[in-house]
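Numbering (the numbering used here), first residue to last: 1 to 102.
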């Protein structure tokens with residue numbers, strides 16, 4: 001149940017404007033990516049999630065999650081901003097490859 005709750009929270013957080021801006025700020029330190037490209041990549045993540053193999057889903061969760069604290073009040077999830085930037089770079093690369101194949 002906790003694993004499912006963590007994944008659901010990650011998927012919801014990736015759609016929030018705050019996370020998109022923080023991801024863009026982190027990603028632009030190492031690339032010339034635009035805020036619009038970050039937003040587009042994170043929006044593509046949601047429908048793509050169900051298509052991934054469980055091992056790839058686990059890799060992404062490990063990439064994104066710094067820690068999970070479970071208490072009586074609920075679950076506190078801390079994300080790795082650099083992990084978000086890496087995910088966006090991966091999604092951006094996949095998008096370029098898909099356009100080339102088409």
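The C-beta atom is built at its ideal place from N, Cα and C for all residues, glycine as well. Just so you know, these numbers come straight off a predicted model, no measurement behind them.
Taking a cut-off of 8 angstroms on C-beta distances, the segment 37 to 47 does not touch the segment 70 to 80, as fewer than three cross pairs fall below it. Here residue 91 is not near residue 26, since their CB atoms are 8 angstroms or more apart. Boundaries of the beta strand (DSSP E) around residue 66: 65 to 71. Residue 11 and residue 30 have their alpha carbons spaced roughly 24 angstroms apart.
Annotated three-state conformation of residue 77 is strand, per DSSP.
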